[in-house]
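Engineer: Would you mind keeping the following structure in view while I ask a few things?
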Amino acid sequence: IDVCLDDGSFYTDLMRYIHGEAFAYGMADKTVIATEINPEENYAILRGRIRHLHELFAHEFLHNYQYDAFGVATLDFPFWKLEGYPEYVMTRQGNPAPLENEIQQLLIARIDVKRPWDWIAYSDGTGTTPIYLESRLRVQYLLEVEGMTYRQIIDDPRSGEAVDAKMVEWYKTGSR
């Protein structure tokens with residue numbers, strides 16, 4: 031994987047043009063960091079929003095692996111399947127919160143945060159957006175509760191909303 035930093039290079043400008051503004055982009059064998067980073071303090075910052083740098087790299091490298099495994103078909107994946115798995119993997123280090131707590135946070139965010147790209151701040155100063163949190167939790171639910179593999183998730187015909195309904199039902203009925 032080639033890592034390209036935000037130094038005015040061709041890849042940074044191209045990815046920003048294609049995908050819009052983001053912390054970083056991972057596609058094919060390139061990971062492009064498109065914002066200010068501070069390796070000593072382990073963070074990337076974009077418009078005042080902070081992500082841990084090691085998590086950002088983990089997320090983008092997973093996109094590289096997705097592309098390696100599925101090729102250009104990744105461009106047709108629903109957003110939640112494309113982004114949910116990298117988000118899941120990047121949050122597995124350390125002591126991740128139980129799925130039930132995360133679903134509760136999502137349900138609260140759906141009340142408090144009105145737009146999918148608004149920022150949900152975590153206590154450590156980092157954060158995510160509702161659409162990324164929702165995507166991760168759908169994938170996490172399918173992996174951990176339904177016992178699916180990522181390949182099975184990709185092939186599963188259910189919509190994100192259908193998975194969401196099952197996940198919330200599981201949460202609310204105490205089936206955990």
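Add 30 to a position in the sequence shown, counting from 1, and you land on the number used in this note's numbering. Don't be surprised by glycine CBs; every beta carbon is placed ideally from N, CA and C. Being a predicted model, the structure only gives us computed values, none of them experimental.
#1: Only counting the same chain, and skipping five residues up and downstream in sequence, which positions put a Cβ closer than 7 Å to that of E117?
#2: Going by C-alpha to C-alpha distance, which of E85, E174, P187 and R188 sits closest to Q15?
#3: Mapping the DSSP letters down to three states, classify L83 as helix, strand or coil.
#4: Is I31 near T61, with beta carbons less than 8 Å apart?
#5: Please determine, among H82, Y47, E71 and F87, the residue with the shortest C-alpha to C-alpha distance to I63.
#6: Determine the extent of the alpha helix (DSSP H) in which V62 is found, giving its start and end residues.
#7: What residue range is occupied by the uninterrupted alpha helix (DSSP H) comprising G204?
#8: What does the Cβ neighbour count give for T121, buried or exposed, with the cut at 16 atoms within 10 Å?
#9: Give a yes or no on whether the C-beta atoms belonging to A223 and Y95 are separated by under 8 Å.
#10: Compare the Cα-Cα distances from F109 to each of T203, I183 and Y201 and report the closest residue.
#11: Considering only DSSP beta bridges, list what N68 is partnered with.
#12: In the DSSP assignment, the alpha helix (DSSP H) including M45 goes from what residue to what residue?
#13: One question on the structure: do R79 and Y73 come within less than 8 Å of each other, judged by their Cβ atoms?
#14: Taking the alpha carbon of I221 as the point to measure from, which residue in A195, Y180, F91 and Y115 has its own alpha carbon closest?
#15: Roughly how many angstroms separate the alpha carbons of A139 and D154, rounded to a whole number?
Structural biologist: Judging by the given coordinates:
#1: In the sequence shown, counting from the first residue as 1, residue 117 sits at position 87. Excluding positions up to five away in sequence, the list reads H89, Y162, S165 and R166.
#2: Because the chain here runs from 31 to 206, residue 15 falls outside it and cannot be looked at.
#3: As a working mapping, residue 83 is identified with position 53 in the sequence shown. Three-state result, L83: helix.
#4: Along the sequence shown, read from residue 1 onward, the residue named residue 31 stands at position 1. Along the sequence shown, read from residue 1 onward, the residue named residue 61 stands at position 31. Yes. Within cutoff.
#5: Start at 1 with the first residue of the sequence shown, and residue 63 comes out as number 33. Nearest to I63 by C-alpha distance, out of H82, Y47, E71 and F87, is F87.
#6: Counted from its first residue, the sequence shown places residue 62 at position 32. First-last for V62: K60 to I63, but that is the beta strand (DSSP E), not the alpha helix (DSSP H).
#7: Start at 1 with the first residue of the sequence shown, and residue 204 comes out as number 174. First-last for G204: undefined, no H or E at that position.
#8: Translated into positions along the sequence shown, residue 121 becomes position 91. T121 comes out buried.
#9: Since the first and last residues shown for the chain are 31 and 206, residue 223 lies out of range.
#10: Residue mapping note: residue 109 aligns to position 79 of the sequence shown, counting from 1. Distances from the CA of F109 to each of T203, I183 and Y201 were compared; the closest alpha carbon is that of I183.
#11: Residue numbering aside, residue 68 sits at position 38 when the sequence shown is read from its first letter. Looking at the DSSP assignment, N68 forms a beta bridge with Y73.
#12: The count along the sequence shown starts at 1 and reaches residue 45 at position 15. Its alpha helix (DSSP H) spans residues F40 to H49.
#13: Position 49 of the sequence shown, counting from 1, holds the residue named residue 79. Position 43 of the sequence shown, counting from 1, holds the residue named residue 73. It is not a contact, given that the beta carbons lie outside the stated cut-off.
#14: For the chain, the structure presents residues 31 to 206; residue 221 sits outside this window and is missing.
#15: Here residue 139 refers to the residue found at position 109 when the sequence shown is read from its first residue. Here residue 154 refers to the residue found at position 124 when the sequence shown is read from its first residue. Near 17 Å, if we compare the C-alpha coordinates of D154 and A139.
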